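Below is one structure; the comments refer to it alone.
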Amino acid sequence: MNWILLIIAGLFEVAFAACLGKAKETTGIESTYWYIGFFICLGISMGLLLKVTQHLPIGTAYAVWTGIGAVGTVLIGILVFKEPATFWRLFFITTLIISIVGLKVVSH
Numbered sequence: 064m065n066w067i068l069l070i071i072a073g074l075f076e077v078a079f080a081a082c083l084g085k086a087k088e089t090t091g092i093e094s095t096y097w098y099i100g101f102f103i104c105l106g107i108s109m110g111l112l113l114k115v116t117q118h119l120p121i122g123t124a125y126a127v128w129t130g131i132g133a134v135g136t137v138l139i140g141i142l143v144f145k146e147p148a149t150f151w152r153l154f155f156i157t158t159l160i161i162s163i164v165g166l167k168v169v170s171h
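For my numbering, count along the sequence shown from 1 and bump the result up by 63.
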């Protein structure tokens with residue numbers, strides 16, 4: 064269950080990064096709504112991370128959380144914000160995914 068919560072926390076990290084990107088693209092009240100979404104997602108993500116670190120090693124939990132956030136944010140950048148999908152970006156994202164899975168496999 065803690066691993067599922069950690070994955071959800073990582074997905075909310077992606078969501079708060081995406082909210083920042085959308086807030087940058089908008090103005091006025093719409094921008095305010097994106098900032099509110101940012102703070103809500105940030106709170107949920109941090110709260111879940113706090114909860115899972117009570118049961119999982121902090122080094123592993125934090126690395127997996129940031130890894131999910133990094134991979135997800137790069138993918139959102141490519142798919143939503145039209146950032147370049149170069150070979151090297153995709154190559155290093157793939158190695159990051161392999162590393163996250165590796166940490167899960169070797170954690171007790």
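Each residue gets a CB set at the ideal place from its N, CA and C atoms; glycine is no exception.
These figures come from a predicted structure and were not determined experimentally.
Assuming residue i and residue j make a contact with CB atoms under 8 Å, what is their CB distance in whole Å?
i, j, result
"Cys-104", "Ala-78", "4 Å"
"Leu-166", "Ala-126", "6 Å"
"Ile-161", "Val-137", "The pair is not a contact, with the Cβ atoms about 15 Å apart (cut-off 8 Å)."
"Leu-159", "Val-134", "6 Å"
Relative to the alpha-carbon of residue i, which residue among the options has its alpha-carbon at the smallest distance?
i, options, result
"Asn-74", "Val-137, Val-143, Gly-132, Glu-93", "In the sequence on display, residue 74 carries Leu and not Asn. Ranking the options by Cα distance to Leu-74, first place goes to Gly-132."
"Ile-139", "Ala-80, Val-115, Arg-152", "Ala-80"
"Glu-88", "Thr-129, Lys-145, Thr-123, Val-169", "Lys-145"
"Leu-113", "Ser-170, Asn-65, Phe-102, Val-164", "Asn-65"
"Met-109", "Phe-154, Val-164, Ser-170, Glu-76", "Glu-76"
"Ser-170", "Phe-154, Trp-128, Ala-124, Ile-141", "Ala-124"
"Ile-163", "Thr-95, Gly-130, Ile-99", "Gly-130"
"Leu-111", "Leu-153, Gly-91, Trp-128, Phe-150", "Trp-128"
Quick check on DSSP: helix, strand or coil for residue i?
i, result
"Leu-74", "helix"
"Val-169", "helix"
Determine contact between the segment 119 to 130 and the segment 64 to 73, defined as no fewer than three beta-carbon pairs at a distance below 8 Å. yes
Runs of 3 residues minimum, wholly inside the segment 94 to 170: which ones carry the beta strand (DSSP E) assignment? none
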